[in-house]
Amino acid sequence: MSGLRIEEHPDRLVVTLDRPEKRNAIDADLIAELHAVCAELEARPRLLLLTGGTDGIFAGGADIGQLRERGRLEALAAINSAAFARIRALPMPTVAAVDGPALGGGAELAYACDLRVCTERAVFGQPEVRLGILAGAGATHRLPALVGEARAKELLFTGRRVDAAEALRIGLVNRVVTEPAELLPSAHGLIDEMAKGSALALRLTKLAVDAPAAAHPQLDLVSQAVLFEDEEKHRRMTEFLERRRPR
């Protein structure tokens with residue numbers, strides 16, 4: 072892959088956007104590579120850490136040169152939004168590690184992940200209306216879910232940028248680290264905490280949380296029924312009880 076660097080681990084995949092000369096702008100080739108990553112994680116589910124590295128840029132947005140030439144048929148093809156929706160729907164939890172600007176499509180890529188960790192120099196923003204378009208790759212529905220409707224509308228209508236401190240305060244990110252060198256260890260630490268749990272329980276928990284309200288409580292009941300019959304559940308609960316047994 073030319074636009075991504077991939078690191079394979081037994082329990083996770085680390086994917087780094089790698090177009091420094093273009094400020095990690097998201098073009099059609101990068102979208103194709105993200106689809107390939109999704110296919111891999113759908114076939115062999117693992118946790119995902121998605122980052123732009125620690126050089127002060129996550130993704131400066133969609134490739135404006137390509138975007139300017141797209142017409143209505145390309146818009147209807149959902150080029151970026153389909154890839155981001157696929158990331159959102161991955162079986163196992165995903166974490167975005169953001170250092171520096173995450174703007175436009177770059178911000179929407181971060182929103183597509185389940186959790187976000189960033190550095191103090193991270194910046195999020197949706198400048199689309201200033202370019203004559205809307206944030207069509209997920210921000211119009213994911214941003215309200217993250218920060219509330221009124222605040223999301225303000226950010227989408229004005230294009231105002233949000234720094235790391237505000238992002239943490241409004242719930243846009245889960246953690247902020249002081250130094251860029253702390254970013255990836257912090258993100259891996261968050262994944263390590265998730266990896267302590269049952270992989271099947273993680274998958275079904277994500278499925279339940281992301282399901283529409285109408286699916287509950289039936290989905291919860293069926294998921295719990297599956298887990299109650301899982302050998303991993305029995306092993307983990309037995310170990311818990313044995314640790315608590317008086318000596």
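Residue numbers (the numbering used here): 72 to 318.
Glycine included, C-beta positions come from ideal geometry on N, C-alpha and C.
Within a 10 Å sphere around the beta-carbon of A216 sit fewer than 16 other beta-carbons, which makes this residue exposed. For A296, the enclosing alpha helix (DSSP H) has its first and last residue at Q289 to F299. By the neighbour-count definition (other C-beta atoms within 10 Å, threshold 16), E179 is a buried residue. Shown here, V233 sits in a strand according to DSSP, grouped into three states.
Between the alpha carbons of H287 and K277 lies a distance of about 13 Å. In the assembly as shown, R306 is an exposed residue. Its beta-carbon has fewer than 16 other beta-carbons within 10 Å.
Selection I158, R159, L273 and R222 evaluated against G242 yields R222 as nearest (Cα-Cα). For the pair E264 and R141, the Cα-to-Cα distance works out to about 42 Å. Cβ neighbours of N95 within its own chain (closer than 6 Å, five residues either side excluded): L88, G123, I128 and A130.
The Cβ atoms of R240 and G196 lie no closer than 9 Å to each other.
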